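Please read the structure below before turning to the comments.
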Amino acid sequence: MIVKNIEAKIRLATWVAVGSFLTSIVLSAICCSYAYRQVSDARKSIYILSNGIPLQAGQTDMQVNRPAEYRADIDLFHALFFSLTPDDKYIEYQLKKAMYLVDESGVDQYNNLKENGFFNSILSSSSVITLQTDSISLDMTRRYFRYFGKLKIDRRSSTVIRSLITEGYLKDIPRSDNNPHGVLIVNWKTLENKDLENVQKNTF
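Below, the structure written as structure tokens:
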């Protein structure tokens with residue numbers, strides 16, 4: 002009888018020990034999970050001091066702002082590529098910056114324009130080209146865009162307004178100083194570049 006009582010107490014003690022061990026593991030897992038969530042939430046909060054008063058600024062997911070970044074990158078590239086002045090150093094500077102934002106399709110268009118004497122004509126006619134963005138159509142599923150804008154070519158003898166429509170695709174790449182949005186324009190091509198207006202200037 003005494004032996005049976007001892008065996009029962011041993012079994013009870015064993016079950017209590019095992020139960021306590023499992024309970025401690027479950028409680029530790031719950032505490033770790035809660036602490037991880039707290040740390041993650043804390044990292045999403047940034048405090049900015051304004052006149053000695055801490056103000057909370059929330060962190061947002063990068064994908065939430067990605068469409069806006071895509072449009073900003075497309076707009077920047079087109080402005081760099083098409084807004085030019087009759088200064089060969091400035092043209093070279095603009096196009097060098099633009100080439101960081103586009104793949105070899107941009108280089109191909111640049112070479113075609115150069116071979117056709119487009120940049121020399123800007124210098125010889127003292128033309129100032131400015132680009133106005135009308136709209137940018139963006140398909141996030143395909144990462145496809147279509148750009149609509151107007152080119153104003155201001156020459157000594159005339160002012161020409163041209164419609165500009167281009168299209169291409171977008172590829173995410175690591176951000177850098179030369180590509181702060183981390184977006185590369187690929188398979189870029191011009192769909193339309195035609196005169197809308199041609200106003201002659203009074204030269205006398």
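Basically the working numbering = 1-based index in the sequence shown + 1.
Note that beta-carbon positions come from the ideal geometry of N, C-alpha and C, so glycine has one too.
Owing to the predicted nature of the structure, the values given are computational and were not obtained by experimental measurement.
Using a Cβ-Cβ cut-off of 6 Å (strictly less than) and excluding sequence neighbours within five positions of R144, which residues of its own chain qualify?
Excluding sequence neighbours, R144 sits near Y170, L171.
Going by beta carbon distance, what residues of the same chain come within less than 6 Å of I166, once the five residues before and after it are set aside?
Only F149, L192, E193 meet the Cβ criterion.
Give me the Cα-Cα distance between K115 and S127, rounded to the nearest whole angstrom.
About 16 Å.
Label W16 either buried or exposed according to how many other C-beta atoms from any shown protein chain fall within 10 Å of its C-beta, with 16 as the threshold for buried.
By the neighbour-count rule (16 or more Cβ atoms within 10 Å), W16 is not buried but exposed.
Do H182 and D76 come within 7 Å of each other at the CB atom, strictly closer than that value?
No, they are not a contact pair.
Would DSSP call V19 helix, strand or coil?
In the structure shown, V19 sits in a helix (DSSP, three-state: H, G or I).
Just how far apart, CA to CA, sit N117 and P68?
Near 35 Å, if we compare the C-alpha coordinates of P68 and N117.
Between which two residues does the beta strand (DSSP E) holding I174 run?
Where I174 is concerned, there is no enclosing beta strand (DSSP E), given that its DSSP letter is neither H nor E.
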